[in-house]
Amino acid sequence: DEPRALPRDLEGVHVVVSAGGTREPLDPVRYLGNRSSGRQGYALARVAAARGARVTLISAHTMSLPVPAGVTVVNVSTAAELRAAVHEAAPSAEVVVMAAAVADFRPAALLEHKIKKTEGAPDPVVLDRNADVLAELVENRRGDQVIVGFAAETGDRGSDVLQYGRTKLRRKGSDLLVVNAVGDGRAFEVEENSGWLLAADGAETAIPFGSKSQLAAALWDSVSELVGRAHA
Ligand code: CTP
Ligand code: CA
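So the sequence shown is numbered by the UniProt record's numbering: it starts at 171 and just counts up by one.
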């Protein structure tokens, strides 16, 4: 899977990677979640560590994945916990990659007791908005920190996946945005990924269909160029 000799281009660079999907509790037994497996984030952490980086992996819920060698893992569950852990780690990081699928909304109330199946129509679930961690990172950016976002898009009649990605990159203000097409057995819960790597300077690179490690390698190539430029 990783045939070429790995460059040591991230030697001594502190990178923070968030991975997996957050869960927003509704009652003691139920939550709102998403289909993120954590595989892409874990591949990013593993490849970065293999290239010499000091890696902090903020891990929300994942399939049971092995902890990559030499990586410090911080386990979180909700978007609020993920937000706190990312902001705790980010100030000392040169690079932050938000690969986690962070819930946009949470149930407005966490019920103390399990919701019972009573007669008649169920109560609607009222949601509150969660903070946008990536937007906060960009807002509080430390010097020449490199900030990377991920976007999983299905496209629709109004706009295609790449167009949504371009708009999202501008809106988010990150240095790089990885855009994956989802649906049809793509991106979620699978071993492979493809998409585009969009840079704030307008550069657009297609990422061919391949393993999540290959996507990770392509992303770290671009990140290490940006880190090198910042320190040149
Ligand atoms: N993200 C975040 N905090 C959130 C939601 C998303 O940090 N509360 C990050 C994700 O980790 C990802 C990027 O923002 O790196 C893009 O997430 P996405 O869900 O595609 O963007 P949204 O702005 O939430 O737009 P929408 O879901 O409406 O497409
Ligand atoms: Ca979202």
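Glycine included, C-beta positions come from ideal geometry on N, C-alpha and C.
By the neighbour-count criterion, in which 16 or more other beta carbons inside 10 Å mark a residue as buried, Gln333 falls on the exposed side. Within the region 233-307, the complete alpha helix (DSSP H) runs of at least 4 residues fall at 249-259. In the three-state reduction of the DSSP assignment, Val393 falls in the helix class.
In the three-state scheme derived from DSSP, where H, G and I count as helix and E and B as strand, Ser364 is classed as strand.
Membership of Arg224 in the beta strand (DSSP E) is indicated by the continuous run 224-229. Straight-line measurement puts the Cα of Ala386 at about 6 Å from the Cα of Ala213. In this structure, the C-beta of Glu323 approaches ligand 1 to less than 8 Å from one of its heavy atoms. Shortest gap from the CB of Asp302 to any heavy atom of ligand 1: under 8 Å. Under the three-state reduction of DSSP output, Arg216 falls in the helix class. Gly343 and Asp326 have their C-alpha atoms some 23 Å from each other.
Of the residues Ser234, Thr226, Asp274, the one whose Cα lies closest to the Cα of Glu258 is Thr226.
According to the DSSP secondary-structure assignment, Ala376 is paired through a beta bridge with Trp366. Per DSSP, Arg200 lies in no alpha helix (DSSP H) segment; the continuous beta strand (DSSP E) that holds it begins and ends at 200-202. Within the same chain, Leu202, Pro277, Leu280, Leu281, Ile285, Val295 come within 8 Å of Leu196 by CB-CB distance, once the 5 residues on both sides are set aside.
Taking C-beta separations shorter than 8 Å and ignoring five residues to either side along the sequence, the partners of Pro198 in its chain run Leu281, Glu282, His283, Lys284, following chain order.
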